[in-house]
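Beneath this line is the structure, given in C-alpha coordinates, with notes to follow.
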Amino acid sequence: MKLYFPCPLYWMDFCSTDVLLIFEEIPAGDNMGQTEKLNAKATATPTPETCSAPEKEVVVAEKVVEVIVEGKEDLKLDENEHKTRIVKCLKILFIMLGVAAVILAIALIIVTILTCIATKAYDADQSGRIVAMVLLAVTAALTICVVIYMQVATLRCQSTRMTMACGGLVILIIIQILIGGVSVNVQPSDEAKLLKALTDSFKLAKEDVPRPYKLWAMTQFDLDCCGLFGPDDYRTQKQPYYFPPDVPISCCPNYDPNRSDFVQEKERMHCKTKKIYYKDGCKDEVLLVFSETATLVLTVNVALIIAKILLVILAFALAKEMKTIDFLPLNSDDCGAKPTAVMTYWKPGSRCKLDIWRGCPTTNKFEDEYNCSLTCIFHAPSVTDECGLVMDEAKCNEIEQVVYTYRGGLCELAIWRGCPTANKFINRTACINTCGQGQWQDKLEKLPIEKLKLVNQMLETIVDENSTAIALNGSSEQGSVSETSAEESGSGSNEHTTKQSSASEEEEETEEPSTHESASEEHTTEAENYTTEPPTTTPISIEEVGVITSR
(Lines of atoms letter the chains of each structure in order from A and count residues from 1; the text may use other names and numbers.)
(Lines give C-alpha, C1' and ligand atoms only; values in the text may rest on other atoms or scores of the structure.)
Protein backbone atom coordinates (compact mmCIF):
# COMPACT_ATOMS: atom_id res chain seq x y z
CA MET A 1 0.00 0.00 0.00
CA LYS A 2 1.28 3.45 -0.93
CA LEU A 3 0.27 6.72 0.66
CA TYR A 4 0.18 9.91 -1.39
CA PHE A 5 0.19 13.31 0.27
CA PRO A 6 1.85 16.68 -0.24
CA CYS A 7 4.42 17.63 2.35
CA PRO A 8 6.89 20.54 2.54
CA LEU A 9 10.48 19.32 2.72
CA TYR A 10 13.59 21.42 3.10
CA TRP A 11 15.64 20.38 0.10
CA MET A 12 19.39 20.63 0.61
CA ASP A 13 20.54 23.28 3.10
CA PHE A 14 19.02 26.49 1.87
CA CYS A 15 16.59 25.80 -0.97
CA SER A 16 12.93 25.00 -0.18
CA THR A 17 10.56 23.07 -2.39
CA ASP A 18 7.16 21.40 -2.38
CA VAL A 19 7.40 17.66 -2.83
CA LEU A 20 5.00 14.79 -3.33
CA LEU A 21 6.13 11.90 -1.17
CA ILE A 22 5.29 8.29 -2.00
CA PHE A 23 5.78 6.17 1.11
CA GLU A 24 6.11 2.45 0.90
CA GLU A 25 4.36 0.69 3.76
CA ILE A 26 6.67 0.16 6.73
CA PRO A 27 5.76 -2.19 9.59
CA ALA A 28 4.43 -0.34 12.63
CA GLY A 29 6.83 -2.13 14.92
CA ASP A 30 10.03 -0.56 13.56
CA ASN A 31 12.45 -0.11 16.44
CA MET A 32 15.37 2.22 16.90
CA GLY A 33 18.42 0.94 15.18
CA GLN A 34 16.74 0.04 11.88
CA THR A 35 16.95 1.91 8.56
CA GLU A 36 13.88 3.67 7.27
CA LYS A 37 13.86 4.42 3.53
CA LEU A 38 11.67 6.98 1.91
CA ASN A 39 11.32 7.01 -1.87
CA ALA A 40 10.53 10.59 -2.74
CA LYS A 41 9.74 12.07 -6.13
CA ALA A 42 9.84 15.85 -6.11
CA THR A 43 8.71 18.44 -8.58
CA ALA A 44 10.31 21.69 -7.50
CA THR A 45 10.38 25.30 -8.58
CA PRO A 46 13.43 26.88 -6.93
CA THR A 47 13.23 30.46 -5.78
CA PRO A 48 15.98 32.57 -7.42
CA GLU A 49 16.44 34.77 -4.34
CA THR A 50 17.10 31.86 -1.99
CA CYS A 51 18.66 29.21 -4.22
CA SER A 52 22.20 29.50 -5.44
CA ALA A 53 21.63 27.04 -8.31
CA PRO A 54 21.86 28.74 -11.74
CA GLU A 55 19.00 26.79 -13.27
CA LYS A 56 15.53 28.36 -13.16
CA GLU A 57 13.69 25.62 -14.95
CA VAL A 58 11.50 22.98 -13.41
CA VAL A 59 13.65 20.34 -11.83
CA VAL A 60 12.45 16.75 -11.52
CA ALA A 61 14.51 14.91 -8.94
CA GLU A 62 14.41 11.48 -7.42
CA LYS A 63 16.17 10.96 -4.17
CA VAL A 64 16.25 8.20 -1.58
CA VAL A 65 16.52 9.59 1.94
CA GLU A 66 18.01 7.09 4.34
CA VAL A 67 17.57 7.81 8.03
CA ILE A 68 19.81 5.59 10.13
CA VAL A 69 18.98 5.77 13.81
CA GLU A 70 21.60 4.21 16.01
CA GLY A 71 20.29 2.01 18.79
CA LYS A 72 22.01 3.80 21.66
CA GLU A 73 21.32 7.34 20.48
CA ASP A 74 18.61 8.98 22.56
CA LEU A 75 17.25 12.11 20.88
CA LYS A 76 15.43 13.11 24.09
CA LEU A 77 18.21 12.44 26.56
CA ASP A 78 18.35 15.98 27.91
CA GLU A 79 14.57 16.16 28.31
CA ASN A 80 14.49 12.78 30.08
CA GLU A 81 17.27 13.70 32.49
CA HIS A 82 15.67 17.06 33.24
CA LYS A 83 12.28 15.50 33.94
CA THR A 84 13.89 12.75 36.00
CA ARG A 85 15.61 15.34 38.20
CA ILE A 86 12.34 17.23 38.61
CA VAL A 87 10.53 14.06 39.65
CA LYS A 88 13.27 13.16 42.15
CA CYS A 89 13.19 16.62 43.73
CA LEU A 90 9.40 16.56 43.91
CA LYS A 91 9.46 13.09 45.46
CA ILE A 92 11.97 14.14 48.14
CA LEU A 93 9.97 17.27 48.96
CA PHE A 94 6.73 15.29 48.93
CA ILE A 95 8.09 12.66 51.33
CA MET A 96 9.49 15.28 53.72
CA LEU A 97 6.21 17.19 53.70
CA GLY A 98 4.33 13.94 54.23
CA VAL A 99 6.42 13.12 57.31
CA ALA A 100 5.73 16.61 58.68
CA ALA A 101 2.00 16.14 58.05
CA VAL A 102 2.04 12.81 59.91
CA ILE A 103 3.80 14.43 62.90
CA LEU A 104 1.28 17.28 62.95
CA ALA A 105 -1.59 14.80 62.75
CA ILE A 106 -0.22 12.85 65.73
CA ALA A 107 0.18 16.11 67.68
CA LEU A 108 -3.40 17.07 66.84
CA ILE A 109 -4.66 13.72 68.09
CA ILE A 110 -2.81 14.14 71.41
CA VAL A 111 -3.97 17.73 71.94
CA THR A 112 -7.60 17.00 71.09
CA ILE A 113 -7.69 13.98 73.43
CA LEU A 114 -6.28 16.02 76.33
CA THR A 115 -8.74 18.82 75.62
CA CYS A 116 -11.63 16.36 75.61
CA ILE A 117 -10.55 14.94 78.98
CA ALA A 118 -10.16 18.38 80.56
CA THR A 119 -13.43 19.67 79.15
CA LYS A 120 -15.34 16.64 80.35
CA ALA A 121 -13.76 16.90 83.81
CA TYR A 122 -14.67 20.54 84.41
CA ASP A 123 -17.78 20.97 82.26
CA ALA A 124 -19.60 17.88 81.05
CA ASP A 125 -22.33 20.06 79.52
CA GLN A 126 -20.07 21.18 76.65
CA SER A 127 -20.87 18.10 74.59
CA GLY A 128 -20.59 20.02 71.31
CA ARG A 129 -16.95 20.91 71.96
CA ILE A 130 -16.18 17.34 72.98
CA VAL A 131 -17.72 16.00 69.75
CA ALA A 132 -15.72 18.54 67.73
CA MET A 133 -12.48 17.41 69.36
CA VAL A 134 -13.32 13.77 68.68
CA LEU A 135 -14.03 14.54 65.01
CA LEU A 136 -10.72 16.40 64.71
CA ALA A 137 -8.91 13.41 66.17
CA VAL A 138 -10.65 11.08 63.70
CA THR A 139 -9.80 13.30 60.72
CA ALA A 140 -6.18 13.45 61.90
CA ALA A 141 -6.04 9.65 62.05
CA LEU A 142 -7.53 9.41 58.54
CA THR A 143 -4.98 11.96 57.37
CA ILE A 144 -2.16 9.71 58.57
CA CYS A 145 -3.61 6.78 56.61
CA VAL A 146 -4.09 8.80 53.41
CA VAL A 147 -0.62 10.37 53.59
CA ILE A 148 1.04 6.98 54.08
CA TYR A 149 -0.96 5.65 51.12
CA MET A 150 0.23 8.58 48.99
CA GLN A 151 3.85 8.01 50.04
CA VAL A 152 3.69 4.38 48.93
CA ALA A 153 2.01 5.37 45.66
CA THR A 154 4.75 7.95 45.06
CA LEU A 155 7.55 5.45 45.58
CA ARG A 156 5.82 3.04 43.18
CA CYS A 157 5.11 5.80 40.60
CA GLN A 158 1.35 5.17 40.76
CA SER A 159 0.03 8.52 39.61
CA THR A 160 -3.60 7.36 39.39
CA ARG A 161 -3.68 6.32 43.05
CA MET A 162 -2.04 9.58 44.05
CA THR A 163 -4.79 11.51 42.30
CA MET A 164 -7.45 9.46 44.08
CA ALA A 165 -5.78 10.08 47.45
CA CYS A 166 -5.71 13.82 46.73
CA GLY A 167 -9.50 13.77 46.55
CA GLY A 168 -9.65 12.21 50.02
CA LEU A 169 -7.29 14.85 51.40
CA VAL A 170 -9.42 17.64 49.96
CA ILE A 171 -12.49 16.24 51.74
CA LEU A 172 -10.59 16.03 55.04
CA ILE A 173 -9.36 19.61 54.60
CA ILE A 174 -12.92 20.88 54.17
CA ILE A 175 -14.11 19.01 57.28
CA GLN A 176 -11.24 20.33 59.41
CA ILE A 177 -11.80 23.91 58.25
CA LEU A 178 -15.49 23.74 59.20
CA ILE A 179 -14.80 22.20 62.62
CA GLY A 180 -11.95 24.58 63.41
CA GLY A 181 -13.92 27.66 62.46
CA VAL A 182 -17.16 26.75 64.21
CA SER A 183 -16.44 24.63 67.29
CA VAL A 184 -12.84 25.06 68.42
CA ASN A 185 -12.66 28.81 69.00
CA VAL A 186 -13.59 29.84 72.58
CA GLN A 187 -16.58 32.19 72.81
CA PRO A 188 -17.68 34.31 75.86
CA SER A 189 -20.64 32.00 76.31
CA ASP A 190 -18.23 29.08 76.65
CA GLU A 191 -16.33 30.88 79.41
CA ALA A 192 -19.59 31.61 81.26
CA LYS A 193 -20.60 27.94 81.11
CA LEU A 194 -17.17 26.88 82.33
CA LEU A 195 -17.26 29.34 85.25
CA LYS A 196 -20.63 28.00 86.36
CA ALA A 197 -19.33 24.43 86.14
CA LEU A 198 -16.25 25.37 88.20
CA THR A 199 -18.40 27.00 90.88
CA ASP A 200 -20.62 23.93 91.21
CA SER A 201 -17.70 21.53 91.35
CA PHE A 202 -15.90 23.68 93.95
CA LYS A 203 -18.93 23.59 96.25
CA LEU A 204 -18.96 19.79 95.99
CA ALA A 205 -15.21 19.68 96.71
CA LYS A 206 -15.70 21.70 99.93
CA GLU A 207 -18.27 19.12 100.99
CA ASP A 208 -15.60 16.42 100.54
CA VAL A 209 -17.30 14.70 97.60
CA PRO A 210 -14.54 12.33 96.36
CA ARG A 211 -14.44 13.07 92.66
CA PRO A 212 -14.64 16.92 92.79
CA TYR A 213 -12.28 16.90 95.80
CA LYS A 214 -9.59 14.99 93.85
CA LEU A 215 -10.15 17.18 90.80
CA TRP A 216 -9.60 20.39 92.72
CA ALA A 217 -6.63 18.95 94.58
CA MET A 218 -4.90 18.21 91.27
CA THR A 219 -5.95 21.59 89.83
CA GLN A 220 -4.55 23.56 92.79
CA PHE A 221 -1.34 21.55 92.75
CA ASP A 222 -0.77 21.86 88.98
CA LEU A 223 -1.73 25.54 88.62
CA ASP A 224 -0.28 26.76 91.98
CA CYS A 225 -3.59 28.26 93.03
CA CYS A 226 -5.98 27.98 95.97
CA GLY A 227 -9.78 28.08 95.86
CA LEU A 228 -11.99 29.41 93.09
CA PHE A 229 -11.32 33.10 93.65
CA GLY A 230 -8.64 32.79 96.37
CA PRO A 231 -7.83 31.16 99.77
CA ASP A 232 -10.72 33.00 101.43
CA ASP A 233 -13.12 30.65 99.67
CA TYR A 234 -12.19 28.11 102.40
CA ARG A 235 -13.03 30.54 105.21
CA THR A 236 -16.20 29.82 107.14
CA GLN A 237 -18.76 32.53 107.75
CA LYS A 238 -18.21 32.63 111.54
CA GLN A 239 -14.42 32.61 111.34
CA PRO A 240 -12.80 36.01 112.07
CA TYR A 241 -10.84 37.62 109.27
CA TYR A 242 -7.52 37.75 111.18
CA PHE A 243 -7.51 33.94 111.43
CA PRO A 244 -6.13 32.08 108.43
CA PRO A 245 -8.66 30.11 106.31
CA ASP A 246 -8.92 26.36 106.67
CA VAL A 247 -7.10 25.59 103.40
CA PRO A 248 -6.43 22.00 102.27
CA ILE A 249 -2.93 20.61 101.91
CA SER A 250 -3.20 20.92 98.11
CA CYS A 251 -2.97 24.71 98.51
CA CYS A 252 0.48 24.39 100.11
CA PRO A 253 3.77 24.28 98.17
CA ASN A 254 4.96 21.18 100.05
CA TYR A 255 1.96 19.07 98.95
CA ASP A 256 2.79 15.53 97.78
CA PRO A 257 -0.02 13.99 95.68
CA ASN A 258 1.43 10.51 96.21
CA ARG A 259 0.75 10.68 99.98
CA SER A 260 -2.62 10.79 101.67
CA ASP A 261 -3.95 14.01 103.20
CA PHE A 262 -4.12 12.40 106.67
CA VAL A 263 -0.36 11.74 106.65
CA GLN A 264 0.30 15.32 105.56
CA GLU A 265 -1.91 16.91 108.20
CA LYS A 266 1.10 18.22 110.12
CA GLU A 267 2.46 19.93 107.00
CA ARG A 268 -1.00 21.42 106.36
CA MET A 269 -1.19 22.95 109.85
CA HIS A 270 2.30 24.37 109.48
CA CYS A 271 1.39 25.86 106.07
CA LYS A 272 -1.85 27.28 107.48
CA THR A 273 -0.20 28.81 110.56
CA LYS A 274 2.68 30.37 108.62
CA LYS A 275 0.29 31.49 105.78
CA ILE A 276 2.57 30.11 103.08
CA TYR A 277 -0.31 28.77 100.97
CA TYR A 278 -1.03 30.06 97.44
CA LYS A 279 -2.69 33.46 97.34
CA ASP A 280 -4.26 33.37 93.84
CA GLY A 281 -7.56 31.78 92.86
CA CYS A 282 -7.91 29.04 90.23
CA LYS A 283 -10.71 30.63 88.15
CA ASP A 284 -8.48 32.79 85.96
CA GLU A 285 -5.87 30.06 85.63
CA VAL A 286 -8.41 27.44 84.51
CA LEU A 287 -10.00 29.81 81.98
CA LEU A 288 -6.55 30.73 80.67
CA VAL A 289 -5.57 27.07 80.27
CA PHE A 290 -8.89 26.36 78.60
CA SER A 291 -8.37 29.19 76.11
CA GLU A 292 -4.72 28.32 75.46
CA THR A 293 -5.62 24.67 74.85
CA ALA A 294 -8.25 25.67 72.30
CA THR A 295 -5.74 28.00 70.64
CA LEU A 296 -3.17 25.19 70.52
CA VAL A 297 -5.70 22.84 68.90
CA LEU A 298 -6.61 25.50 66.36
CA THR A 299 -2.94 26.24 65.59
CA VAL A 300 -2.03 22.60 65.05
CA ASN A 301 -5.16 22.13 62.95
CA VAL A 302 -4.30 25.11 60.73
CA ALA A 303 -0.71 23.89 60.32
CA LEU A 304 -1.98 20.45 59.34
CA ILE A 305 -4.40 21.97 56.83
CA ILE A 306 -1.59 24.00 55.23
CA ALA A 307 0.61 20.91 55.04
CA LYS A 308 -2.18 18.94 53.39
CA ILE A 309 -2.84 21.71 50.86
CA LEU A 310 0.84 21.69 49.91
CA LEU A 311 0.71 17.90 49.69
CA VAL A 312 -2.23 18.08 47.28
CA ILE A 313 -0.44 20.63 45.08
CA LEU A 314 2.77 18.58 45.03
CA ALA A 315 0.85 15.37 44.41
CA PHE A 316 -0.88 16.80 41.34
CA ALA A 317 2.41 18.19 40.00
CA LEU A 318 4.18 14.90 40.66
CA ALA A 319 1.38 12.86 39.09
CA LYS A 320 1.53 15.05 35.99
CA GLU A 321 5.29 14.65 35.67
CA MET A 322 5.07 10.88 36.20
CA LYS A 323 2.35 10.55 33.57
CA THR A 324 4.50 12.51 31.12
CA ILE A 325 7.56 10.36 31.75
CA ASP A 326 5.63 7.10 31.70
CA PHE A 327 5.25 7.48 27.93
CA LEU A 328 8.97 7.94 27.35
CA PRO A 329 10.85 4.79 26.36
CA LEU A 330 12.77 2.74 28.90
CA ASN A 331 16.42 3.72 29.12
CA SER A 332 17.92 0.27 28.52
CA ASP A 333 21.53 1.43 28.08
CA ASP A 334 24.23 -0.36 30.05
CA CYS A 335 25.14 1.73 33.12
CA GLY A 336 27.03 -1.01 34.94
CA ALA A 337 24.20 -2.40 37.06
CA LYS A 338 23.03 -6.00 37.08
CA PRO A 339 20.52 -6.67 34.26
CA THR A 340 17.05 -6.83 35.79
CA ALA A 341 13.78 -7.88 34.21
CA VAL A 342 11.18 -5.09 34.57
CA MET A 343 7.85 -4.14 33.05
CA THR A 344 7.78 -1.06 30.83
CA TYR A 345 5.02 0.72 28.93
CA TRP A 346 5.30 0.44 25.15
CA LYS A 347 3.23 3.26 23.72
CA PRO A 348 3.00 2.17 20.03
CA GLY A 349 1.37 -1.07 21.17
CA SER A 350 -0.47 0.52 24.13
CA ARG A 351 0.56 -2.32 26.39
CA CYS A 352 3.07 -3.23 29.08
CA LYS A 353 5.91 -5.48 28.02
CA LEU A 354 8.90 -7.19 29.61
CA ASP A 355 12.29 -5.53 29.14
CA ILE A 356 15.79 -5.53 30.60
CA TRP A 357 16.97 -2.60 32.74
CA ARG A 358 20.71 -2.10 33.31
CA GLY A 359 20.82 0.68 35.90
CA CYS A 360 20.41 3.85 33.83
CA PRO A 361 18.08 6.58 35.21
CA THR A 362 14.56 6.06 33.92
CA THR A 363 10.98 6.33 35.11
CA ASN A 364 9.16 4.01 32.71
CA LYS A 365 10.01 1.04 34.93
CA PHE A 366 7.61 -1.01 37.04
CA GLU A 367 7.89 -4.05 39.26
CA ASP A 368 4.92 -5.88 37.76
CA GLU A 369 2.37 -5.62 34.97
CA TYR A 370 -0.41 -4.55 37.34
CA ASN A 371 1.31 -1.31 38.40
CA CYS A 372 2.39 -0.60 34.82
CA SER A 373 -1.15 -1.01 33.47
CA LEU A 374 -2.74 0.95 36.30
CA THR A 375 -0.36 3.86 35.87
CA CYS A 376 0.06 4.13 32.10
CA ILE A 377 -2.91 2.51 30.38
CA PHE A 378 -6.01 3.34 32.40
CA HIS A 379 -6.23 7.03 31.57
CA ALA A 380 -7.40 8.73 28.41
CA PRO A 381 -4.66 9.80 25.96
CA SER A 382 -4.68 13.41 24.90
CA VAL A 383 -2.71 15.73 22.68
CA THR A 384 0.26 16.97 24.68
CA ASP A 385 1.48 20.55 24.88
CA GLU A 386 4.52 19.50 22.87
CA CYS A 387 2.39 19.10 19.75
CA GLY A 388 1.35 22.75 19.86
CA LEU A 389 4.93 24.05 19.84
CA VAL A 390 6.91 24.91 16.72
CA MET A 391 9.98 22.84 16.00
CA ASP A 392 13.22 24.84 15.96
CA GLU A 393 14.76 24.25 12.52
CA ALA A 394 17.65 26.68 12.90
CA LYS A 395 21.17 25.42 12.30
CA CYS A 396 22.96 24.99 15.64
CA ASN A 397 25.64 22.48 14.61
CA GLU A 398 26.63 20.20 11.75
CA ILE A 399 23.95 17.61 12.56
CA GLU A 400 21.29 17.24 9.88
CA GLN A 401 18.62 14.62 10.33
CA VAL A 402 15.26 13.92 8.77
CA VAL A 403 12.59 13.83 11.49
CA TYR A 404 8.83 14.22 11.82
CA THR A 405 6.99 17.18 13.32
CA TYR A 406 3.31 17.81 14.02
CA ARG A 407 2.21 20.83 11.99
CA GLY A 408 -1.19 21.90 10.74
CA GLY A 409 -2.89 18.73 11.92
CA LEU A 410 -0.44 16.49 10.02
CA CYS A 411 2.78 14.65 10.80
CA GLU A 412 5.23 16.11 8.28
CA LEU A 413 8.87 15.59 7.41
CA ALA A 414 11.37 18.24 8.47
CA ILE A 415 15.12 18.72 8.75
CA TRP A 416 16.50 18.99 12.29
CA ARG A 417 19.88 20.74 12.59
CA GLY A 418 20.85 20.11 16.20
CA CYS A 419 18.96 22.79 18.16
CA PRO A 420 17.20 21.66 21.36
CA THR A 421 13.51 21.66 20.50
CA ALA A 422 10.17 20.04 21.14
CA ASN A 423 7.68 18.57 18.63
CA LYS A 424 10.39 16.38 17.09
CA PHE A 425 9.86 12.67 16.48
CA ILE A 426 12.16 10.03 15.05
CA ASN A 427 9.45 8.32 12.99
CA ARG A 428 5.90 8.78 11.79
CA THR A 429 4.45 6.25 14.24
CA ALA A 430 5.79 8.14 17.26
CA CYS A 431 4.36 11.40 15.90
CA ILE A 432 0.90 9.92 15.35
CA ASN A 433 0.84 8.17 18.72
CA THR A 434 1.82 11.36 20.54
CA CYS A 435 -0.17 14.01 18.69
CA GLY A 436 -2.86 12.24 16.67
CA GLN A 437 -4.64 9.98 19.13
CA GLY A 438 -6.91 12.62 20.59
CA GLN A 439 -8.27 13.55 17.12
CA TRP A 440 -8.79 10.10 15.59
CA GLN A 441 -12.43 9.81 16.63
CA ASP A 442 -13.33 13.23 15.21
CA LYS A 443 -11.42 12.51 12.00
CA LEU A 444 -13.20 9.20 11.58
CA GLU A 445 -16.61 10.82 11.95
CA LYS A 446 -15.72 13.49 9.36
CA LEU A 447 -14.15 11.09 6.84
CA PRO A 448 -15.84 11.43 3.38
CA ILE A 449 -17.92 8.57 2.02
CA GLU A 450 -15.56 8.09 -0.94
CA LYS A 451 -12.61 7.45 1.34
CA LEU A 452 -14.69 5.17 3.53
CA LYS A 453 -15.54 3.18 0.41
CA LEU A 454 -11.82 3.05 -0.40
CA VAL A 455 -11.09 1.66 3.04
CA ASN A 456 -13.84 -0.93 2.64
CA GLN A 457 -12.45 -1.90 -0.77
CA MET A 458 -9.00 -2.41 0.71
CA LEU A 459 -10.39 -4.52 3.55
CA GLU A 460 -12.51 -6.59 1.15
CA THR A 461 -9.43 -7.27 -0.97
CA ILE A 462 -7.59 -8.59 2.08
CA VAL A 463 -10.59 -10.71 3.09
CA ASP A 464 -11.00 -12.09 -0.45
CA GLU A 465 -7.36 -13.05 -0.57
CA ASN A 466 -7.64 -14.98 2.69
CA SER A 467 -10.91 -16.58 1.55
CA THR A 468 -9.31 -17.70 -1.72
CA ALA A 469 -6.46 -19.39 0.12
CA ILE A 470 -8.91 -21.15 2.44
CA ALA A 471 -11.05 -22.28 -0.52
CA LEU A 472 -8.02 -23.75 -2.31
CA ASN A 473 -7.04 -25.76 0.75
CA GLY A 474 -10.64 -26.89 1.30
CA SER A 475 -11.18 -28.03 -2.31
CA SER A 476 -8.04 -30.15 -2.33
CA GLU A 477 -9.03 -31.85 0.92
CA GLN A 478 -12.57 -32.46 -0.36
CA GLY A 479 -11.27 -34.08 -3.58
CA SER A 480 -9.11 -36.52 -1.65
CA VAL A 481 -12.04 -37.46 0.59
CA SER A 482 -14.33 -38.10 -2.43
CA GLU A 483 -11.75 -40.37 -4.06
CA THR A 484 -11.41 -42.44 -0.90
CA SER A 485 -15.18 -42.85 -0.52
CA ALA A 486 -15.56 -43.84 -4.18
CA GLU A 487 -12.96 -46.59 -3.84
CA GLU A 488 -14.63 -47.98 -0.70
CA SER A 489 -18.08 -48.03 -2.36
CA GLY A 490 -16.69 -49.73 -5.49
CA SER A 491 -15.00 -52.57 -3.56
CA GLY A 492 -18.20 -53.35 -1.63
CA SER A 493 -20.54 -53.77 -4.71
CA ASN A 494 -21.68 -57.16 -6.10
CA GLU A 495 -20.46 -58.84 -9.30
CA HIS A 496 -23.49 -57.69 -11.28
CA THR A 497 -22.55 -54.01 -10.93
CA THR A 498 -18.79 -54.44 -11.12
CA LYS A 499 -18.52 -53.51 -14.75
CA GLN A 500 -20.80 -50.50 -14.38
CA SER A 501 -18.93 -49.15 -11.34
CA SER A 502 -15.57 -49.65 -13.00
CA ALA A 503 -16.79 -47.77 -16.02
CA SER A 504 -18.06 -44.91 -13.88
CA GLU A 505 -14.79 -44.78 -11.98
CA GLU A 506 -12.88 -44.53 -15.24
CA GLU A 507 -15.10 -41.65 -16.30
CA GLU A 508 -14.59 -39.88 -12.95
CA GLU A 509 -10.85 -40.35 -13.18
CA THR A 510 -10.82 -38.80 -16.62
CA GLU A 511 -13.00 -35.86 -15.51
CA GLU A 512 -11.28 -35.06 -12.18
CA PRO A 513 -7.95 -33.90 -13.62
CA SER A 514 -9.69 -31.53 -15.97
CA THR A 515 -11.78 -30.16 -13.07
CA HIS A 516 -8.74 -29.53 -10.87
CA GLU A 517 -6.86 -28.00 -13.76
CA SER A 518 -9.71 -25.59 -14.52
CA ALA A 519 -10.00 -24.62 -10.82
CA SER A 520 -6.29 -23.98 -10.50
CA GLU A 521 -6.33 -21.94 -13.71
CA GLU A 522 -9.17 -19.79 -12.37
CA HIS A 523 -7.35 -19.11 -9.06
CA THR A 524 -4.12 -18.39 -10.91
CA THR A 525 -5.92 -15.90 -13.13
CA GLU A 526 -7.49 -14.21 -10.09
CA ALA A 527 -4.13 -13.98 -8.32
CA GLU A 528 -2.51 -12.51 -11.44
CA ASN A 529 -5.31 -9.96 -11.78
CA TYR A 530 -4.90 -9.04 -8.10
CA THR A 531 -1.16 -8.58 -8.36
CA THR A 532 -1.18 -6.75 -11.67
CA GLU A 533 -4.22 -4.55 -11.13
CA PRO A 534 -4.20 -3.09 -7.60
CA PRO A 535 -7.16 -0.94 -6.57
CA THR A 536 -6.91 2.70 -7.45
CA THR A 537 -6.30 5.04 -4.54
CA THR A 538 -6.89 8.69 -3.92
CA PRO A 539 -4.65 11.04 -1.93
CA ILE A 540 -5.16 10.54 1.81
CA SER A 541 -3.70 12.50 4.71
CA ILE A 542 -1.42 11.02 7.31
CA GLU A 543 -3.89 11.50 10.18
CA GLU A 544 -6.63 9.75 8.24
CA VAL A 545 -4.28 6.84 7.79
CA GLY A 546 -3.81 6.88 11.57
CA VAL A 547 -7.58 6.74 11.95
CA ILE A 548 -7.79 3.75 9.62
CA THR A 549 -5.02 1.98 11.48
CA SER A 550 -6.65 2.62 14.85
CA ARG A 551 -9.96 1.22 13.65
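Numbering (the numbering used here), first residue to last: 614 to 1164. Quick reminder that beta carbons are idealized off the backbone N, C-alpha and C, glycines included.
Spatial distance of residue i from residue j (CA atoms)
{"i": "residue 895", "j": "residue 786", "result": "37 Å"}
{"i": "residue 699", "j": "residue 714", "result": "22 Å"}
{"i": "residue 859", "j": "residue 742", "result": "36 Å"}
{"i": "residue 934", "j": "residue 757", "result": "25 Å"}
{"i": "residue 1039", "j": "residue 1013", "result": "13 Å"}
{"i": "residue 950", "j": "residue 716", "result": "37 Å"}
{"i": "residue 848", "j": "residue 747", "result": "40 Å"}
{"i": "residue 1017", "j": "residue 1027", "result": "6 Å"}
{"i": "residue 964", "j": "residue 1034", "result": "28 Å"}
{"i": "residue 1137", "j": "residue 970", "result": "Only weak support is given to the placement of residue 1137: the predicted model assigns it a pLDDT of 44, under 50, and the question is left unresolved by the model."}
{"i": "residue 719", "j": "residue 727", "result": "13 Å"}
{"i": "residue 703", "j": "residue 977", "result": "17 Å"}
{"i": "residue 873", "j": "residue 775", "result": "58 Å"}
{"i": "residue 915", "j": "residue 907", "result": "12 Å"}
{"i": "residue 764", "j": "residue 793", "result": "27 Å"}
{"i": "residue 1010", "j": "residue 1029", "result": "10 Å"}
{"i": "residue 773", "j": "residue 1071", "result": "40 Å"}
{"i": "residue 845", "j": "residue 891", "result": "11 Å"}
{"i": "residue 1021", "j": "residue 1002", "result": "11 Å"}
{"i": "residue 913", "j": "residue 801", "result": "22 Å"}
{"i": "residue 928", "j": "residue 731", "result": "38 Å"}
{"i": "residue 864", "j": "residue 830", "result": "8 Å"}
{"i": "residue 1073", "j": "residue 966", "result": "33 Å"}
{"i": "residue 815", "j": "residue 827", "result": "11 Å"}
{"i": "residue 850", "j": "residue 856", "result": "12 Å"}
{"i": "residue 771", "j": "residue 1042", "result": "27 Å"}
{"i": "residue 688", "j": "residue 1037", "result": "Confidence is the limiting factor: at residue 688 the pLDDT is only 41, short of 50, which leaves the residue's position unreliable and the question unanswerable from this model."}
{"i": "residue 817", "j": "residue 871", "result": "22 Å"}
{"i": "residue 986", "j": "residue 806", "result": "59 Å"}
{"i": "residue 685", "j": "residue 946", "result": "Any reading at residue 685 must be qualified, since the residue scores a pLDDT of 36, below 50, and its modelled position is unreliable; the value itself is stated next. Taking the straight line joining both Cα atoms gives about 7 Å."}
{"i": "residue 841", "j": "residue 780", "result": "49 Å"}
{"i": "residue 729", "j": "residue 900", "result": "15 Å"}
{"i": "residue 1064", "j": "residue 1019", "result": "23 Å"}
Boundaries of the beta strand (DSSP E) in which residue i is found, first to last residue
{"i": "residue 955", "result": "953-959"}
{"i": "residue 966", "result": "964-970"}
{"i": "residue 1025", "result": "1023-1029"}
Supposed contact pair residue j and residue i - C-beta distance, whole angstroms, cut 8 Å
{"i": "residue 904", "j": "residue 799", "result": "5 Å"}
{"i": "residue 836", "j": "residue 898", "result": "4 Å"}
{"i": "residue 725", "j": "residue 749", "result": "5 Å"}
{"i": "residue 1166", "j": "residue 1048", "result": "In this structure the chain extends from 614 to 1164, so residue 1166 is not present and cannot be described."}
{"i": "residue 760", "j": "residue 924", "result": "7 Å"}
{"i": "residue 762", "j": "residue 810", "result": "Not really, about 42 Å apart at Cβ, beyond 8 Å."}
{"i": "residue 753", "j": "residue 782", "result": "Between residue 782 and residue 753 the Cβ distance is about 12 Å, and since that is not below 8 Å, they are no contact."}
{"i": "residue 803", "j": "residue 838", "result": "That belief does not hold up - the Cβ atoms of residue 803 and residue 838 are roughly 21 Å apart, past 8 Å."}
{"i": "residue 984", "j": "residue 769", "result": "6 Å"}
{"i": "residue 911", "j": "residue 797", "result": "5 Å"}
Which of helix, strand or coil DSSP assigns to residue i
{"i": "residue 1017", "result": "strand"}
{"i": "residue 1008", "result": "strand"}
{"i": "residue 843", "result": "coil"}
{"i": "residue 894", "result": "coil"}
{"i": "residue 856", "result": "coil"}
{"i": "residue 835", "result": "helix"}
{"i": "residue 875", "result": "coil"}
{"i": "residue 728", "result": "helix"}
{"i": "residue 942", "result": "coil"}
Extent of the continuous alpha helix (DSSP H) to which residue i belongs
{"i": "residue 785", "result": "772-792"}
{"i": "residue 742", "result": "740-768"}
{"i": "residue 804", "result": "801-819"}
{"i": "residue 1046", "result": "1041-1048"}
Interface flag, residue i vs chain B, CB-CB below 8 Å
{"i": "residue 923", "result": "This model lacks chain B altogether; it includes just one protein chain."}
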